[in-house]
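*Asks:* Residue numbers (this note's numbering): 11 to 126.
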């Protein structure tokens, strides 16, 4: 269940974009965007299975981009605000992912065959 966390990935991107806006840094360029995607992937796959992993992910964001330590309380507050929607997205994402796999394997009418 901790392999794919859509909400954690989205929350990581939100935190990065918010910090870039606060510190007036351009959120552009291949390296910046690839780093953000890498952090989001790492957060969604690895860090989400660790208790207190959100804080580890936030420290990872600060260290990867070389942000000042003053960014930590800000990013922690953003993490607290997006935690509930991210959890909801993670829970719904499991159902949606299984429905997509069932559709791909069972064909267009997979739900009709499953209920009859």
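Glycine residues also receive a C-beta, built at the ideal position from the N, C-alpha and C atoms.
Hey, out of 85, 29, 104 and 68, whose CA is closest to residue 13's CA?
*Replies:* Ranking the options by Cα distance to residue 13, first place goes to 104.
*Asks:* Going residue by residue through the segment 22-100, where are the continuous alpha helix (DSSP H) segments of at least 4 residues, counting only ones entirely within it?
*Replies:* List check, alpha helix (DSSP H) in window: 40-55 and 63-75.
*Asks:* Confirm, please, whether the CB-CB distance from residue 15 to residue 54 is below 7 Å.
*Replies:* Yes, the Cβ-Cβ distance between residue 54 and residue 15 is below 7 Å.
*Asks:* Given a cut-off of 7 Å on the beta-carbon distance, is the pair residue 72 and residue 50 in contact?
*Replies:* For residue 72 and residue 50, no; Cβs fall outside 7 Å.
*Asks:* Excluding sequence positions up to five away, which residues of its chain have a Cβ less than 7 Å from the Cβ of residue 96?
*Replies:* Taken in chain order, the residues that qualify are 17, 18, 20 and 21.
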